[in-house]
Amino acid sequence: MPITTKKKFKSELLNILNERGFIHQTTNGDAIDKYFNSNEVIGYIGFDLTAKSLHVGSLLQIMLLKWLQEYNYKPIVLMGGGTTLIGDPSGKDESRKILDQNNIMMNQDGIFKVFKKFLNFDDKKIIIENNLDWLRDLNYITFLRDFGKHFTINRMLSFDSVKLRLDREQPLSFLEFNYMILQAYDFWELKKRHDCRLQLGGSDQWGNIINGIELIRRVDRSEAYGITTPLVTTSSGSKMGKTADGAIWLDEDLTNPHEFWQFWRNTDDKDVIRFIKLFTTLPMNEIQKLESLQGSELNEAKKILANEVTKNTHGNDIADLVHKSALETFEQKIISEKLPIFELNKKDCIDSIGLLALLVKVGFSKSNSDARKSILNGAIRINDHTISDPSLELSKSDISKLKLSFGKKKHILLNLGL
RNA sequence: GGAGGGGUGCCCGAGUGGUUAAAGGGGACGGGCUGUAAACCCGUUGGCUUAGCCUACGUUGGUUCAAAUCCAACCCCCUCCA
Numbered sequence: 444m445p446i447t448t449k450k451k452f453k454s455e456l457l458n459i460l461n462e463r464g465f466i467h468q469t470t471n472g473d474a475i476d477k478y479f480n481s482n483e484v485i486g487y488i489g490f491d492l493t494a495k496s497l498h499v500g501s502l503l504q505i506m507l508l509k510w511l512q513e514y515n516y517k518p519i520v521l522m523g524g525g526t527t528l529i530g531d532p533s534g535k536d537e538s539r540k541i542l543d544q545n546n547i548m549m550n551q552d553g554i555f556k557v558f559k560k561f562l563n564f565d566d567k568k569i570i571i572e573n574n575l576d577w578l579r580d581l582n583y584i585t586f587l588r589d590f591g592k593h594f595t596i597n598r599m600l601s602f603d604s605v606k607l608r609l610d611r612e613q614p615l616s617f618l619e620f621n622y623m624i625l626q627a628y629d630f631w632e633l634k635k636r637h638d639c640r641l642q643l644g645g646s647d648q649w650g651n652i653i654n655g656i657e658l659i660r661r662v663d664r665s666e667a668y669g670i671t672t673p674l675v676t677t678s679s680g681s682k683m684g685k686t687a688d689g690a691i692w693l694d695e696d697l698t699n700p701h702e703f704w705q706f707w708r709n710t711d712d713k714d715v716i717r718f719i720k721l722f723t724t725l726p727m728n729e730i731q732k733l734e735s736l737q738g739s740e741l742n743e744a745k746k747i748l749a750n751e752v753t754k755n756t757h758g759n760d761i762a763d764l765v766h767k768s769a770l771e772t773f774e775q776k777i778i779s780e781k782l783p784i785f786e787l788n789k790k791d792c793i794d795s796i797g798l799l800a801l802l803v804k805v806g807f808s809k810s811n812s813d814a815r816k817s818i819l820n821g822a823i824r825i826n827d828h829t830i831s832d833p834s835l836e837l838s839k840s841d842i843s844k845l846k847l848s849f850g851k852k853k854h855i856l857l858n859l860g861l
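Numbering (the working numbering), first residue to last: 444 to 861.
Here's what the structure looks like:
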């Protein structure tokens with residue numbers, strides 16, 4: 444049975460993780476505590492390679508790995524090159540589309556880039572693995588005989604990821620059904636290769652983690668451990684990091700650092716302190732000071748959150764620039780030179796460009812119709828003046844250093860490029 | 001293989017020949033109020049050269065002046081039976 448962890452640990456790191464809200468469930472708390480105290484902890488988290496990079500939704504897991512390194516334990520990043528070929532049904536109410544190997548390889552590169560930003564890649568500090576290396580060559584019969592015998596269908600059917608699909612009368616293919624077995628096998632394989640005895644993951648991974656632990660117990664008669672993190676939702680109940688524009692990515696090419704900073708700055712009051720604990724490494728005594736903030740004072744905490752996370756993700760210089768740009772734009776209400784600059788291609792503006800086309804070009808609108816509606820809604824401003832005429836033409840000489848705004852929060856400076 | 005049920009916009013879901021670009025809700029976005037918050041109120045939510053036109057209700061054909069709605073075939077999903 445899952446044990447919800449409230450009590451104090453002997454291990455300092457576990458205490459910190461607990462205090463900061465990283466721990467949702469642990470397998471046998473005492474044993475984990477002992478493990479953390481007496482061994483070189485090697486813990487792994489698996490990452491799907493379903494997208495070209497990682498977004499804010501994965502940040503919690505990355506922070507966990509960071510904390511492990513902080514305490515001189517060794518994290519393993521497991522790239523799911525093999526399992527992504529199958530697709531994890533956990534938490535999904537319908538099948539994922541199946542990716543081909545080429546895409547997966549490209550995704551891996553993008554995702555790797557993110558880890559480089561957050562984690563220490565010095566020798567011996569981290570291990571990167573890809574489960575394709577061992578899953579690719581599995582022999583079906585051998586695998587079934589050696590490992591399949593340890594799994595009962597009865598038990599597999601009892602997992603939430605399976606039940607959800609069955610209850611909703613949605614299909615769960617045999618392919619996906621096998622995912623949990625392969626993830627259990629991954630754990631066993633990492634234990635064999637690196638003596639890794641700890642798997643971390645989101646709360647939706649609990650079942651998969653338990654499977655791995657049991658597999659290790661049955662095959663090797665040895666002990667392994669699991670910790671899950673809470674599913675981080677905003678107080679309005681939605682998953683972290685998803686907006687209408689798509690996810691908030693941890694890659695500056697996919698999500699502009701200005702937008703990234705704004706995402707954190709706009710955190711709901713009720714979430715700020717929780718997020719600072721989870722997504723920054725600010726010491727707890729400083730966080731405690733922030734906890735007493737009330738009402739609009741919380742805006743200070745939000746800025747700290749935004750600054751800290753942006754620093755970790757994009758570096759000090761960029762965080763600084765973006766912060767200043769926000770201060771100028773939102774507090775001093777001046778046209779900040781530090782806003783993101785959109786270079787308009789010269790051939791898109793021979794003599795002039797229509798506002799509708801421009802809005803689509805810079806990515807504020809998805810179509811001319813959409814742009815037209817936004818204008819009618821009063822969403823568009825140029826140099827802080829609301830524009831109401833959809834047929835507005837901007838001449839070439841107007842363009843330079845024009846501030847174009849969509850809503851209250853999206854601002855860019857236009858510049859005519861080459 | 002047999003019997004029944006079903007496939008509608010980002011999601012849920014109504015609609016069974018014309019008044020349907022498709023009710024209602026959710027989500028999202030914009031505006032107002034505020035603290036770049038929450039709550040609340042208002043608006044928008046297929047595309048275009050926007051008083052008009054075009055494309056859309058699993059796919060392809062058909063009936064009809066007119067189809068998401070009727071017919072046929074096919075594809076997919078669910079339940080029960082073999």
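Just so it is clear, CB atoms sit at the ideal spot from N, CA and C, and this is done for glycine as well.
Backbone secondary structure at residue i - three-state DSSP
{"i": "Pro518", "result": "strand"}
{"i": "Lys851", "result": "coil"}
{"i": "Ala494", "result": "coil"}
{"i": "Leu869", "result": "A query on residue 869 cannot be resolved here, the shown segment of the chain reaching from 444 to 861 and no further."}
{"i": "Gly472", "result": "helix"}
{"i": "Ile615", "result": "Strictly speaking, residue 615 in this sequence is Leu, with Ile absent from that position. It is coil, neither helix nor strand."}
{"i": "Thr447", "result": "Here the model assigns Thr447 a pLDDT of 47, short of 50, so the residue's position is not dependable and the matter cannot be decided."}
{"i": "Ser840", "result": "helix"}
{"i": "Lys846", "result": "strand"}
{"i": "Ile570", "result": "strand"}
{"i": "Thr867", "result": "Residue 867 lies beyond the range of the chain shown here (444 to 861); nothing can be said about it."}
{"i": "Ile653", "result": "helix"}
{"i": "Thr676", "result": "strand"}
{"i": "Ile485", "result": "strand"}
{"i": "Phe594", "result": "coil"}
{"i": "Ser604", "result": "helix"}
{"i": "Asn563", "result": "coil"}
{"i": "Gly530", "result": "coil"}
Chain-order list of residues whose beta-carbon lies under 7 Å from that of residue i (same chain, five-residue window excluded)
{"i": "Ser808", "result": "Leu802, Ala814 and Ser817"}
{"i": "Leu492", "result": "Met522, Gly523, Gly524, Thr527, Ile547, Asn550, Gln551 and Ile554"}
{"i": "Glu462", "result": "Met727"}
{"i": "Asp531", "result": "Asp491 and Tyr622"}
{"i": "Phe561", "result": "Ile505, Lys509 and Asn755"}
{"i": "Ser779", "result": "Ser768, Glu771 and Thr772"}
{"i": "Phe718", "result": "Thr710 and Leu748"}
{"i": "Leu764", "result": "Lys781"}
Environment of residue i [buried if 16+ CB atoms lie within 10 Å]
{"i": "Thr671", "result": "buried"}
{"i": "Ser496", "result": "buried"}
{"i": "Ala667", "result": "buried"}
{"i": "Tyr583", "result": "exposed"}
{"i": "His828", "result": "exposed"}
{"i": "Gly806", "result": "exposed"}
{"i": "Arg640", "result": "buried"}
{"i": "Lys846", "result": "buried"}
Close-in-space but distant-in-sequence residues of the same chain around residue i (CB under 6 Å, 5 per side omitted)
{"i": "Leu643", "result": "Gly486, Ile488, Leu507 and Ile670"}
{"i": "Asp589", "result": "none"}
{"i": "Ala623", "result": "As written in the sequence, residue 623 is Met, which differs from the Ala given in the question. Within the same chain, Met623 has close Cβ partners Asn651 and Asn654."}
{"i": "Ile475", "result": "Thr469 and Tyr668"}
{"i": "Leu618", "result": "Ile529"}
{"i": "Lys745", "result": "Arg708, Thr710 and Val715"}
{"i": "Ile784", "result": "Leu856 and Asn858"}
First and last residue of the uninterrupted alpha helix (DSSP H) at residue i
{"i": "Thr585", "result": "Tyr583 to Asp589"}
{"i": "Phe703", "result": "Pro700 to Arg708"}
{"i": "Trp692", "result": "Run containing Trp692: none; DSSP gives neither H nor E here."}
{"i": "His637", "result": "Tyr622 to His637"}
{"i": "Lys509", "result": "Leu502 to Glu513"}
Span of the beta strand (DSSP E) around residue i
{"i": "Ser665", "result": "Neither: Ser665 is in no beta strand (DSSP E) and is coded neither H nor E."}
{"i": "Asn574", "result": "No beta strand (DSSP E) holds Asn574; DSSP gives it neither H nor E."}
{"i": "Glu455", "result": "Taken as a continuous stretch (DSSP letters only), Glu455 belongs to no beta strand (DSSP E), being part of the alpha helix (DSSP H) at Glu455 to Arg463."}
{"i": "Ser865", "result": "Outside the displayed span of the chain (444 to 861) sits residue 865, for which this structure offers no information."}
{"i": "Gln642", "result": "Leu641 to Gly645"}
Own chain partners of residue i with C-beta closer than 8 Å, once the 5 adjacent residues on each side are dropped
{"i": "Thr731", "result": "This sequence places Gln at residue 731; Thr is not what is there. Contacts found: none."}
{"i": "Lys567", "result": "Lys517"}
{"i": "Asp543", "result": "none"}
Contact test: residue i Cβ vs the ligand NAP heavy atom, cutoff 7 Å
{"i": "Ala762", "result": "Of the ligands one can find in the structure shown there are none, so the ligand NAP has no counterpart to examine."}
Uninterrupted beta strand (DSSP E) stretches inside the segment 750-824 (no shorter than 3 residues): The beta strand (DSSP E) runs of length 3 or more contained entirely in the segment 750-824 are, from start to end of the chain, 784-787 and 795-797.
Could you tell me which uninterrupted beta strand (DSSP E) segments, each at least 3 residues in length, are contained entirely in the segment 718-750, listed from first to last along the chain? Taking only runs of at least 3 residues, no beta strand (DSSP E) segment lies wholly in the segment 718-750.
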